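Protein chains in written order, with the working numbering: chain Y, 146 to 437; chain W, 5 to 334.
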Amino acid sequence: MQDRLATAVLTLFAVLIIGLLLGLVGFILSKGLHKLNWDFISSPPEIVKAGGGVGPQLFNSLYLLVLTMLIALPLGLGAGIYMSEYAPDNRFTRFIRLSMEVLSSLPSIVVGLFGLVVFVQMTGWGYSILSGALALTVFNLPLLVRVTEDAIRAVPQDQKEASLALGVTKWRTIVSVILPAAVPGIVTGAILASGRVFGEAAALLFTAGMSSPDLVFSNFDLSSPASPLNPFRPAETLAVHIWKVNSEGMVPDARAVADGSAAILVITVLMFNVCARWLSRWVFRRMTSGEA
Amino acid sequence: MEYPTVEGAVLPKSERSGRQVRDHASSQSDMRHRLLTHNRKQLIENASGKVITRVCAALLIVMTLSITYFIASKGLATFFINKVSVADFLLGRLWDPEGEPASFGVLPFLLGSFAVTVIAACIAAPLGIGTAIYMTEIAPSFGKKVLKPVIELLVGIPSVVYGYVGLTLLVPLLRAQFDILGFSLLAGGIVLAVMILPTVTSVATDAIAAVPQDVRNASLALGATRWQTIWHIVLQSALPGCLTAVVLGMARAFGEALAVQMVIGNTTNLPSSLLGPISTLTSGITLNMGNTIPGTPYHNALWSMALLLLCMSFFFILVIRILGRKKLVK
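This is the structure in structure tokens:
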């Protein structure tokens, strides 16, 4: 009797969680989907009247994502290789592990404030995309290191030994034998990390800023503040935009704008997730059934 | 690098054909030379590779130390430059940084942060651990095929979106239900609970799955029902892991800024009821950091709040480490 009851309750919990996801995604999409059209996605926001879009914000989010990954991925790869291949069991290594733990559980607002002091004020860049990207690097590096380390550790020991037995140096072995075999795992993890970067807001409030200059998308002069590619201009991302229109926005259709933005955000993150899942399954199948 | 380097296998074609012309004896000594000496280029590459990756790893330490240093140096200004006593800061009930005389009691924020975190943990812990049990003990294949992806998707949803759904769905619901404003401690707790639920569930699942199968079999063989086995045996041995899951969730909840700020109402009074508005450390920083002038006592006090957040984060890690050590003993 007790056994039955417990099973029923636990099943209820599981169903509740599935319901929660479906409810959340359904709610966001049902409110936001009808708002999504080319005009909303591409046009700049309005300040006081209704009908603005989120074009610059969407671009900023993507640009910031690319920039962050350009900085964080090489660093993450390097540190991941060190932790899996070189790191001896000593105090230095243990300290790195502790640092990873600390960094990955820091409140994102604290990372944002650190970025404000170091990347915004000390460098003299002001609120800029680059500052935001560096802050997000701090935020995401531990995750990327862990992903790389796990992926490398999952490579069969035999492959590594075969390469070393042929007289190949350790570094050559890592670069041309181990890394290629670990790439699928690293890519999957990097995509999931991208989802986190894309949705992060608190760390960006005081680093990338809460405003976006009027962008001229035909302007490729990197030093011009109107150029979308200028890494030293302030940039409000989509996630920050959702927060801002709700808490201090003046547009009459703030809710509608936020609905649409939330829908874009959720769709993008789901897409990242599905991509990662699909990719890892595809690679798994390729690696297990030979050259099929 | 313990392995001697041998070149030869990687010689380009042109060089190989050129050497074939030479007589036999010299080619033999040449071969010996090639086999027994190190390839300098590869040696340098080998050594620099190790150094470069080591620098990347050391960067993690540099980041952690510099975050601690900068937040602490900014945050301690309140106490050293503005001469606010630590006790007044931590235990003061009045937050009036622009008043005459100014008062910097952060107790309302601190208690607010603790209150939402505890509420979130109270909701998320049973749900998360329950689901973890379901996934590992009751329906493993359904758990793996359906629940695991669902939880991974939930992890991916940005916290701002959780906050926004709280604002547009939960707050009006509470307003209609209880005849209040809706922005409340309860709303914040629920939003955070949903947000940390996937974290708690996935970590707890790992902990429960790590319990050896023999232990379960032994219990079942003694005639215990499945629930008795789960409750008395499996959960007992997975307890440190499950606690770790909850603490990790609490750490996330304590540090979350925007999602909470959107639904709690942000008044600087001491939290008095579940349905009243509150403030948290994070919401206080988020709302005021941009509007205060650097160097003023008000601004410094906000940095001290950030330092407090950092200290709490260290505390959570300490707890997790202690729990982890317990797990090793078992």
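The beta-carbon is built from N, C-alpha and C at its ideal position, and this holds for glycine as well. Computed from a prediction, not measured in an experiment: that's the story for all the values here.
According to a CB-to-CB cut-off of less than 9 Å, which residues of the region 225–238 of chain Y neighbour chain W?
Answer in chain order: Gly225, Ile226, Tyr227, Met228, Glu230, Tyr231, Ala232, Phe237, Thr238.
State the Cα-Cα distance for the pair Ile137(W) and Leu324(Y), rounded to the nearest angstrom.
The count along the second sequence starts at 1 and reaches residue 137(W) at position 133. The count along the first sequence starts at 1 and reaches residue 324(Y) at position 179. So the alpha carbons of these two residues sit roughly 36 Å apart.
Is it the case that the Cβ atoms of Val411(Y) and Val165(W) are separated by a distance below 7 Å?
Within the first sequence, numbered from 1, the residue matching residue 411(Y) stands at position 266. Within the second sequence, numbered from 1, the residue matching residue 165(W) stands at position 161. Yes, Cβ-Cβ distance for Val411(Y) and Val165(W) is below 7 Å.
Looking at C-alpha atoms only, which residue of Leu285(W), Arg38(W), Val251(W) is the closest neighbour of Phe93(W)?
Here residue 93(W) is taken as the residue at index 89 of the second sequence, counted from 1. Nearest C-alpha to Phe93(W): Leu285(W).
Against Ser317(W), what residues of chain Y qualify as contacts under a CB-to-CB distance less than 9 Å, listed in chain order?
Within the second sequence, residue 317(W) is the residue found at index 313, counting from 1. Val247, Ser250, Leu251, Pro252, Val255, listed in chain order.
Quick check on this structure: which residue in Gly330(Y), Leu309(Y), Ile331(Y), Val332(Y) has the alpha carbon closest to the alpha carbon of Val322(Y)?
Locating residue 322(Y) in the first sequence gives position 177, counting from the first residue. Residue Leu309(Y) is the option with its Cα nearest to Val322(Y).
Taking only three categories from DSSP, how would you classify Trp423(Y)?
Numbered from its first residue, the first sequence carries residue 423(Y) at position 278. Here Trp423(Y) sits in helix by DSSP.
Taking C-alpha atoms, which residue in Ser241(W), Ala91(W), Met199(W), Arg38(W) lies nearest to Val159(W)?
Indexing the second sequence from 1 puts residue 159(W) at position 155. When only C-alpha atoms are compared, the closest one is Met199(W).
Taking 7 Å as the threshold (C-beta atoms), are Ala255(W) and Ser250(Y) in contact?
If you number the first sequence from 1, residue 250(Y) lands on position 105. If you number the second sequence from 1, residue 255(W) lands on position 251. For Ser250(Y) and Ala255(W), yes; Cβs fall inside 7 Å.
One question on the structure: do Pro202(W) and Ile155(W) come within less than 7 Å of each other, judged by their Cβ atoms?
Start at 1 with the first residue of the second sequence, and residue 202(W) comes out as number 198. Start at 1 with the first residue of the second sequence, and residue 155(W) comes out as number 151. Contact flag set, yes.
How should Asp34(W) be labelled, buried or exposed, when 16 other C-beta atoms within 10 angstroms of its C-beta is the threshold for buried?
In the second sequence, residue 34(W) corresponds to position 30, counting from 1. So Asp34(W) counts as exposed.
Mind listing, in chain order, the continuous alpha helix (DSSP H) runs of no fewer than 4 residues lying wholly within the region 204–229 of chain W?
Counting whole runs of 4 or more residues, the region 204–229 of chain W contains the alpha helix (DSSP H) stretches 217–225.
Rank Arg179(W), Ile75(W), Pro101(W) by C-alpha distance to the C-alpha of Ile297(W) and give the top, closest one.
For this step, residue 297(W) is matched to residue 293 along the second sequence. Cα-wise, what sits closest to Ile297(W) is Pro101(W).
Taking all protein chains shown into account, do 16 or more other C-beta atoms lie within 10 angstroms of the C-beta of Val160(Y), making it buried, or fewer, making it exposed?
Locating residue 160(Y) in the first sequence gives position 15, where the first residue counts as 1. Classification for Val160(Y): exposed.
Would Ala151(Y) and Trp307(W) be called neighbours here (beta carbons separated by less than 7 Å)?
Within the first sequence, the letter at position 6 stands for residue 151(Y). Within the second sequence, the letter at position 303 stands for residue 307(W). For Ala151(Y) and Trp307(W), no; Cβs fall outside 7 Å.
Beta-carbon of Ala185(Y) versus every beta-carbon of chain W: anything under 7 Å?
Counted from its first residue, the first sequence places residue 185(Y) at position 40. The residue asked about is misnamed: residue 185(Y) is Phe in this sequence, not Ala. No, because no Cβ of chain W sits closer than 7 Å to the Cβ of Phe185(Y).
I want to check one thing, is the minimum distance from the CB of Cys246(W) to the heavy atoms of the ligand NAD below 6 Å?
In the structure shown, the ligand NAD is absent, as is every other ligand, since no ligand is present at all.
Apart from the five residues on each side of it in sequence, which residues of its chain come closer than 7 Å, Cβ to Cβ, to Leu261(Y)?
Here residue 261(Y) is taken as the residue at index 116 of the first sequence, counted from 1. Result list for Leu261(Y): Phe351, Thr352, in chain order.
Between which two residues does the alpha helix (DSSP H) containing Arg97(W) stretch?
Here the question's residue 97(W) lines up with position 93 in the second sequence. Element bounds for Arg97(W): n/a, residue is neither H nor E.
Thr290(W) versus chain Y: which residues are under 8 Å apart at the beta carbon?
Against the second sequence, residue 290(W) aligns to sequence position 286. Within chain Y, the residues near Thr290(W) are Ile254, Ala347, Leu350.
Return the residue from the list Arg341(Y), Pro201(Y), Gln266(Y) that minimises the CA-CA distance to Ser187(Y).
The count along the first sequence starts at 1 and reaches residue 187(Y) at position 42. Selected option, being the one with the closest Cα: Pro201(Y).
Please decide whether Ser321(Y) counts as near chain A, where near means a Cβ-Cβ distance under 7 Å.
Among the chains of the structure shown, chain A does not appear; the protein chains present are Y and W.
How big is the Cα-Cα spacing for Gly344(Y) and Ser406(Y)?
Numbered from its first residue, the first sequence carries residue 344(Y) at position 199. Numbered from its first residue, the first sequence carries residue 406(Y) at position 261. Cα to Cα, Gly344(Y) sits roughly 11 Å from Ser406(Y).
What does Phe108(W) pair with, by DSSP beta-bridge criteria?
As a working mapping, residue 108(W) is identified with position 104 in the second sequence. In the DSSP output, where bridge partners are listed per residue, Phe108(W) has Trp99(W).
Quick check on the DSSP output: the alpha helix (DSSP H) that includes Pro244(W) runs from which residue to which?
Counting from one through the second sequence, the residue named residue 244(W) turns up at place 240. Unbroken alpha helix (DSSP H) run through Pro244(W): 243–259.
Taking Cβ positions only, does Cys60(W) come closer than 7 Å to chain Y?
As a working mapping, residue 60(W) is identified with position 56 in the second sequence. Chain Y contact via Cβ: present.
How about Gln217(W): is its C-beta nearer than 7 Å to some C-beta of chain Y?
As a first step, residue 217(W) must be located in the second sequence, where it is residue number 213. With 7 Å as the cut-off, Gln217(W) does not count as an interface residue toward chain Y.
Which chain Y residues are close to Thr296(W), counting only those with a beta carbon under 9 Å from its beta carbon?
Here the question's residue 296(W) lines up with position 292 in the second sequence. Simply none; closest approach about 12 Å.
Beta-carbon separation of Gly227(W) and Ala124(W) under 7 Å?
Here residue 227(W) is taken as the residue at index 223 of the second sequence, counted from 1. Here residue 124(W) is taken as the residue at index 120 of the second sequence, counted from 1. It is not a contact, given that the beta carbons lie outside the stated cut-off.
Note the first and the last residue of the continuous alpha helix (DSSP H) segment covering Pro189(Y).
Position 44 of the first sequence, counted from the first residue, corresponds to residue 189(Y). Here Pro189(Y) belongs to no alpha helix (DSSP H), and DSSP marks it neither H nor E.
Exposed or buried, what is Met416(Y) when buried is set at 16 or more other beta-carbons lying within 10 Å of its beta-carbon?
Taking the first residue of the first sequence as position 1, residue 416(Y) is located at position 271. With fewer than 16 other Cβ atoms within 10 Å, it is exposed.
If we define contact as Cβ-Cβ less than 7 Å, is Arg220(W) a contact residue for chain Y?
Translated into positions along the second sequence, residue 220(W) becomes position 216. Cβ-Cβ to chain Y under 7 Å: no for Arg220(W).
What residue range is occupied by the uninterrupted alpha helix (DSSP H) comprising Pro397(Y)?
Against the first sequence, residue 397(Y) aligns to sequence position 252. Careful: Pro397(Y) lies outside any alpha helix (DSSP H) and carries neither H nor E.
Within 7 Å of any Cβ in chain Y, is that where the Cβ of Tyr138(W) sits?
The count along the second sequence starts at 1 and reaches residue 138(W) at position 134. Output row for Tyr138(W): interface = yes.
Starting from Phe84(W), find everything on chain Y with Cβ-Cβ shorter than 7 Å and list it in chain order.
Reading the second sequence from its first residue, position 80 is the one you call residue 84(W). Chain Y residues near Phe84(W): none, gap ~17 Å exceeds 7 Å.
Between Leu151(W) and Ser107(W), what straight-line distance do the alpha-carbon atoms span, to the nearest angstrom?
Here residue 151(W) refers to the residue found at position 147 of the second sequence. Here residue 107(W) refers to the residue found at position 103 of the second sequence. When rounded, the distance between both Cα atoms is 50 Å.
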